[in-house]
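Notes follow once the structure below has been shown.
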Amino acid sequence: MAEAPQLKRKREEEREEEREGAAGAVSPFPLAELRLRKVLRESARDKAVFLHGEVTNASGEGTDAVIILEKTPFQEEKVLELLKKHTKLELQMHNDIYSTYHLYPPPELSEIKATVVFPATPKHLHKYLRQEAFLVRESWQDYSHITLPFVQQQALSLQWVYNILEKKAEAERIVHENPDPCSGFVLLPDFKWDQSQLDDLHLIALVQRRDLRSLRDLRAEHLPLLRNILTEGQEAICRRFGVPACQLRVFLHYQPSYYHLHVHFTALGCEAAGSAVERAHLLPDVIDNLLMEPCYYQRRALTCPLRADEPLLKKFQEAGRL
Ligand code: DD3
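Using our numbering, you'd call the opening residue of the sequence shown number 95 and step up by one each time.
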């Protein structure tokens with residue numbers, strides 16, 4: 095529940111901007127005009143629900159959208175307000191020294207984070223369906239014969255990444271940039287983090303160069319890039335958010351969810367999805383592996399979880415590798 099003073103100041107600034115902009119503000123997505131098609135997934139643990147919605151235009155054509163609704167973590171300085179203020183209180187049960195209540199706080203204390211993908215492709219809709227996962231052991235041969243051709247032909251749009259690198263989107267959110275075209279990167283908060291509290295801190299480093307897809311492409315020649323990301327990323331996060339390097343988990347995913355090389359920085363105290371051993375590779379370990387063996391990631395087998403509906407899993411099944 096700790097909060098850096100920088101965060102507090104930043105939020106106050108944002109609130110001011112909101113107030114100033116409120117009058118002429120244009121909503122980028124008509125949330126209210128949405129019709130619910132299907133609940134894709136819901137998670138009691140994460141306090142989140144994933145919805146498939148549809149917006150109908152004037153000529154009656156429907157366009158798909160994904161909406162993710164999440165209850166946000168508590169903020170220390172607001173918790174007391176929650177108990178006083180204009181919160182309605184409803185006793186649920188009482189037994190001896192124990193009792194439970196339902197609280198109905200005022201709107202400004204009961205925000206819900208909404209993430210919208212619009213228009214959403216069938217791939218987006220699929221991504222959030224609850225799915226069983228399977229572990230695949232991918233040899234280098236598997237990578238070159240199965241995974242790489244698949245990654246090349248699926249060509250999922252990386253437009254949002256290029257927009258960030260070219261400052262066409264989220265430019266004001268950039269925390270640090272190293273502009274070197276070969277060993278540079280851009281560091282900014284991940285979509286998943288609303289920056290209201292440090293508990294779930296999550297930033298991503300997107301590399302400037304566009305020829306690196308994943309861990310599998312990394313060789314000793316990329317060590318300067320990886321070292322830059324590690325040291326400059328840690329420094330920038332400590333400066334901006336006050337979180338020291340020893341409390342940051344810096345890692346890559348294999349398989350990644352998009353094939354433009356990126357590195358995650360998350361708060362050590364936050365065990366959110368994605369830090370599991372079957373998918374996460376710590377950056378300092380990656381660096382050491384490449385130091386000892388320049389072609390480490392072109393030689394060893396890598397384990398990764400694949401969801402039942404993922405086309406890549408089907409490719410492994412067809413090849414008799416599962
Ligand atoms: C994505 C993986 C991708 C749905 C959702 C997220 N961080 C992003 C666009 C801009 C971003 C991210 C795809 C897409 Cl919710 C489908 O992630 C993003 N901007 N992870 C930031 N800062």
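Beta carbons are placed, not taken as given, at the ideal position from N, Cα and C, and that holds for glycine. Keep in mind the model is a prediction, meaning the values are calculated, not measured.
Presumed contact (8 Å Cβ cut-off) between residue i and residue j, rounded CB distance
i: Leu281; j: Gly327; result: 5 Å
i: Leu176; j: Pro201; result: Going by Cβ atoms, the distance from Leu176 to Pro201 rounds to 12 Å, so no, they are not a contact pair.
i: Glu164; j: Lys221; result: That pair is no contact at about 16 Å.
i: Thr397; j: Glu372; result: 6 Å
i: Leu320; j: Ile258; result: The Cβ separation is near 20 Å, so there is no contact.
i: Phe228; j: Ala413; result: That belief does not hold up - the Cβ atoms of Phe228 and Ala413 are roughly 14 Å apart, past 8 Å.
i: Thr157; j: Pro213; result: 5 Å
i: Leu400; j: His356; result: That pair is no contact at about 19 Å.
i: Asn322; j: Asn272; result: 6 Å
i: Tyr353; j: Arg304; result: Not a contact, Cβ separation roughly 10 Å.
i: Ala142; j: Ile162; result: 6 Å
i: Leu203; j: Lys172; result: 6 Å
i: Leu183; j: Tyr195; result: 6 Å
Residue i (DSSP reduced to helix, strand or coil)
i: Ala395; result: coil
i: Ile323; result: helix
i: Tyr256; result: helix
i: Glu170; result: helix
i: Thr360; result: strand
i: Gln186; result: strand
i: Arg401; result: strand
i: Thr215; result: coil
i: Thr241; result: helix
i: Ala413; result: coil
i: Leu306; result: coil
i: Arg333; result: helix
i: Asn151; result: coil
i: Gly115; result: Confidence at Gly115 is low in this model, with a pLDDT of 40, below 50, so its placement is unreliable and the value that follows should be read with caution. Three-state DSSP puts Gly115 in a helix.
i: Lys207; result: strand
i: His196; result: strand
i: Leu376; result: strand
i: Leu274; result: It is worth fixing the name first, because residue 274 is Asp in this sequence and not Leu. Coil, per DSSP.
i: Ile70; result: Beyond the ends of the chain as shown, which are 95 and 416, falls residue 70; an answer cannot be given.
i: Ile161; result: strand
Reference residue i, options the options, closest by Cα
i: Pro167; options: Lys286, Val210 and Glu260; result: Lys286
i: Pro405; options: Asp158, Leu242 and Asp382; result: Leu242
i: Ala126; options: Arg393, Glu226, Val210 and Asp379; result: Val210
i: Glu155; options: Asn257, Val143 and Leu128; result: Leu128
i: Ile419; options: Val269, Thr215, Phe279 and His358; result: Residue 419 is absent from the structure shown; the chain starts at 95 and stops at 416.
i: Leu346; options: Cys340, Ala370 and Ser193; result: Ala370
i: Lys408; options: Tyr348, Phe244 and Pro318; result: Phe244
i: Gln349; options: Tyr237, Leu203 and Asp190; result: Tyr237
i: His375; options: Cys389, Ala339 and His358; result: His358
i: Ala314; options: Arg307, Arg333 and Tyr391; result: Tyr391
i: Asp140; options: Asp294, Arg303, Ser233 and Val230; result: Asp294
i: Leu223; options: Arg415, Cys389, Val133 and Leu362; result: Val133
i: Leu312; options: Ile240, Leu252, Trp234 and Trp254; result: Trp234
i: Thr215; options: Glu232, Leu250, Gly336 and Arg415; result: Leu250
i: Phe279; options: Asp288, Gln289 and His316; result: His316
i: Cys276; options: Gln302, Gln169, His180 and His239; result: Gln302
i: Leu362; options: Leu385, Ile240, Pro338 and Ser351; result: Pro338
i: Met416; options: Arg231, Phe123, Lys217 and Leu145; result: It should be pointed out that residue 416 corresponds to Leu in this sequence rather than to Met. Closest option to Leu416, Cα to Cα, is Arg231.
Residue i Cβ short of 7 Å to the ligand DD3 heavy atom set
i: Pro283; result: yes
i: Ile298; result: yes
i: Val211; result: yes
i: Trp254; result: yes
i: Ile161; result: no
i: Glu264; result: yes
i: Ser153; result: no
i: Ser351; result: yes
i: His146; result: no
i: His218; result: yes
Buried or exposed (CB count within 10 angstroms, at least 16 for buried), residue i
i: Gln247; result: exposed
i: Gln186; result: exposed
i: Glu260; result: exposed
i: Ala265; result: exposed
i: Arg343; result: buried
i: Thr360; result: buried
i: Ala159; result: buried
i: Phe410; result: buried
i: Pro283; result: buried
i: Arg394; result: exposed
i: Leu377; result: buried
i: Gly147; result: buried
i: Arg310; result: buried
i: His296; result: buried
i: Glu136; result: exposed
Short CB-CB distance (under 8 Å) between residue i and chain D
i: Gln341; result: The chain inventory of the structure shown lacks chain D, comprising one protein chain alone.
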